[in-house]
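Residue numbers (my numbering): 258 to 549.
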């Protein structure tokens with residue numbers, strides 16, 4: 258359809274639009290300026306809010322979170338450093354006895370100066386498990402664990418593995434041992450095995466045996482109901498036989514002669530006898546009533 262053109266060739270629609278623009282050009286200009294100003298206000302508001310949030314609102318909160326994380330890491334490190342270290346154990350020594358019985362002994366040590374442990378232990382020999390025994394180890398102590406006279410179903414087994422479970426760690430109570438456990442323990446534990454000797458080729462009723470003799474000295478002012486002794490015979494620092502006995506009512510200042518007879522055939526000459534006394538100094542029931 259042809260459009261009606263007026264005068265210089267403008268259409269009627271173009272003239273109406275021009276008329277509207279002329280009549281409202283000030284308003285349209287104000288709307289345009291207002292839109293530009295509004296957009297600038299929005300953009301600057303967003304920028305200013307970002308700066309305000311970064312430095313006045315979020316920064317302190319994020320700094321506090323970072324501080325809390327660092328503090329938690331410090332606490333975790335402290336807890337880790339204050340945890341007791343594991344008990345260390347040597348290789349298990351296994352000795353063949355009479356009637357195909359086996360003796361087991363292993364040296365264990367506790368490197369913690371303020372922690373002691375109670376536990377149960379067994380030995381595994383070719384899949385056969387010895388009876389569960391109760392044990393303990395005091396702070397800084399090096400001692401033995403053993404099983405003697407175990408008869409396995411399978412003959413010829415000569416290797417063993419120590420299994421320790423039900424470990425219960427205890428921190429030394431300063432109310433009991435003061436602030437220096439080592440000094441406290443030294444006043445109570447000072448056993449000595451004096452004049453140790455080993456004599457072989459003894460005979461009784463036609464049966465040969467050997468004997469270990471020593472004098473156990475308790476020079477402290479403390480007596481004990483029971484003192485367990487591990488006796489380990491060595492040849493060139495290698496254990497070749499071991500046993501344990503318990504002495505009852507070991508008094509303060511006492512010296513007691515001890516004889517242990519060995520009816521098993523021991524390999525080679527014995528060059529050293531090690532005697533280790535075991536008593537729980539932290540158990541009040543260990544002491545004789547006359548002890549301080």
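Glycine included, each C-beta is placed from N, C-alpha and C at the ideal position.
Remark: C-beta atoms of residue 402 and residue 351 do not approach each other more closely than 8 Å. Spatial neighbours of residue 426 in its own chain (CB-CB distance under 7 Å, excluding positions within 5 residues in sequence) are listed in chain order as 341, 372 and 374.
Judged by their CB atoms, residue 349 and residue 417 are nearer to each other than the 8 Å cut-off. In the DSSP assignment, the residues bridged to residue 425 are 375. Cβ contact annotation for residue 442 (same chain, cutoff 6 Å, sequence separation greater than five): 538, in chain order. In the structure shown, residue 496 falls within a strand segment according to DSSP collapsed to helix, strand and coil. Three or more beta-carbon pairs separated by less than 8 Å are not found between the region 493-503 and the region 445-460, which leaves the two stretches without contact.
Look at the beta carbons and you see the region 427-434 not touching the region 473-483: under three pairs across the two are nearer than 8 Å. Residue 524 and residue 547 have their C-alpha atoms some 44 Å from each other. Scanning its chain for C-beta atoms nearer than 8 Å, with the 5 sequence neighbours on each side dropped, one finds around residue 446 the residues 477, 534, 536 and 538, in chain order.
Sequence-distant partners of residue 345 (beyond 5 residues in either direction) whose C-beta falls short of 6 Å from its own C-beta, in its chain, are 366.
With contacts defined by Cβ atoms closer than 8 Å, residue 470 and residue 457 do not form a contacting pair. By the Cβ test, the region 482-490 is not in contact with the region 377-393, since fewer than three Cβ pairs between them sit closer than 8 Å.
Distances from the alpha-carbon of residue 376 to those of 420, 404 and 361 put 420 closest.
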